[in-house]
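Here UniProt numbering is used: position 240 in the sequence shown is 240, and no number is missing along the way. Please read the structure below before turning to the comments.
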Amino acid sequence: MKPLTLVTGSNGKTGSRILSRLIQSEYPVRLGSRIANPTFDWEKPQTWDAVLKGVNQVYISFQPDLAIPSALESIKLFVNRCKAHQVNRLVLLSGRGEPECVESERVVQNSGLEWTILRSSWFNQNFSEGMFLDQILDGKVLFPIITVKEPFVDIDDLADLAFAALVTNKHVNKLYELTGSELWDFKKAFQLIADETHQEIPIEEVPLSTYLSALKDFGLPKETLDFIEYLFITVFDGRNESILKDMELALGRKTKNFKSYVEETAKTGIWKLREKIT
Numbered sequence: 001m002k003p004l005t006l007v008t009g010s011n012g013k014t015g016s017r018i019l020s021r022l023i024q025s026e027y028p029v030r031l032g033s034r035i036a037n038p039t040f041d042w043e044k045p046q047t048w049d050a051v052l053k054g055v056n057q058v059y060i061s062f063q064p065d066l067a068i069p070s071a072l073e074s075i076k077l078f079v080n081r082c083k084a085h086q087v088n089r090l091v092l093l094s095g096r097g098e099p100e101c102v103e104s105e106r107v108v109q110n111s112g113l114e115w116t117i118l119r120s121s122w123f124n125q126n127f128s129e130g131m132f133l134d135q136i137l138d139g140k141v142l143f144p145i146i147t148v149k150e151p152f153v154d155i156d157d158l159a160d161l162a163f164a165a166l167v168t169n170k171h172v173n174k175l176y177e178l179t180g181s182e183l184w185d186f187k188k189a190f191q192l193i194a195d196e197t198h199q200e201i202p203i204e205e206v207p208l209s210t211y212l213s214a215l216k217d218f219g220l221p222k223e224t225l226d227f228i229e230y231l232f233i234t235v236f237d238g239r240n241e242s243i244l245k246d247m248e249l250a251l252g253r254k255t256k257n258f259k260s261y262v263e264e265t266a267k268t269g270i271w272k273l274r275e276k277i278t
């Protein structure tokens with residue numbers, strides 16, 4: 001009998017893709033979402049037992065991010081509930097270069113359960129499904145540190161690895177630090193999108209306070225804004241300007257580079273600029 005997998009964040013960028021792979025391979029799944037039935041909410045531990053009942057393994061994607069102050073206590077409580085429900089395996093999504101994530105990783109590693117840690121760089125899809133999309137659609141990008149470089153990871157590659165970690169024994173008790181195969185600074189990344197879509201998208205480096213104010217205008221909640229501020233103050237200092245082979249070695253193949261992602265995504269029309277109302 002195939003194991004029952006709880007996918008937390010099942011409507012999110014990573015969770016939805018992992019869920020799709022499990023379903024396509026005919027693995028039983030349970031959705032970990034506030035709109036699922038039974039409901040799952042990281043902020044409401046009383047919802048956890050119902051979704052963990054009968055579950056064999058869990059993909060953990062903590063929201064809004066594993067680096068926020070409340071994450072560690074939540075992960076401790078959640079892992080304890082997993083053990084109480086006799087869950088066998090945990091696959092944790094973590095953040096590369098985020099020291100606040102390490103303690104939560106250790107909770108999973110020291111749980112006595114089988115585990116895999118996916119410590120990821122920023123996603124390609126942040127440009128098409130995440131925090132950068134609104135600025136691109138508005139035709140002007142404000143960004144605090146346009147020259148810092150990041151080895152962007154494609155979520156489809158990460159989802160393939162997470163799926164393998166759930167359904168095979170090849171990745172048990174392993175920590176992977178995931179990067180793409182190339183370093184891109186943000187100015188060049190945004191410019192590539194402009195070039196590929198044949199649109200003018202000016203890119204301006206601004207103070208962090210100006211950037212956060214712009215994101216607030218787009219409707220981002222305070223907790224998300226606080227996390228983004230943390231990232232730019234703490235993480236974007238050059239510490240992640242390196243490429244590792246963990247992803248390609250674990251997958252046994254080449255990963256999708258940022259240029260290929262942009263070329264494919266541009267064809268969908270997702271980056272077509274909004275019409276300006278005059």
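Note that the Cβ used here is the ideal one computed from N, Cα and C, for glycine as well. Nothing here was measured: the structure is a model prediction, and the numbers come from that model.
DSSP on I145, reduced to helix/strand/coil?
coil
Taking only the alpha-carbon atoms, compute the straight-line gap between L178 and E275 and give it to the nearest angstrom.
37 Å
Is there a Cβ from chain C that is less than 7 Å from the Cβ of P38?
No chain C is part of this structure, which consists of one protein chain only.
Please state whether the Cβ-Cβ distance between G130 and S61 is less than 7 Å.
no
Those residues which DSSP pairs with K174 across a bridge:
T116
Compute the Euclidean distance between the alpha carbons of D195 and D154, then round it to the nearest angstrom.
20 Å
List in chain order: all unbroken alpha helix (DSSP H) runs of 4+ residues lying wholly within the segment 48–136.
48–52, 71–84 and 102–109
Element boundaries [beta strand (DSSP E), containing T268]:
Premise fails: T268 is in no beta strand (DSSP E) and is neither H nor E.
With 16 other Cβ atoms within 10 Å as the buried cut-off, status of G112
exposed
If you reduce the DSSP assignment to three classes, tell me which class V206 lands in.
coil
Report buried or exposed for L137, applying the criterion of at least 16 other Cβ atoms within 10 angstroms of its Cβ.
exposed
Among G32, I228, F132 and L208, which residue has its Cα nearest to the Cα of T5?
G32
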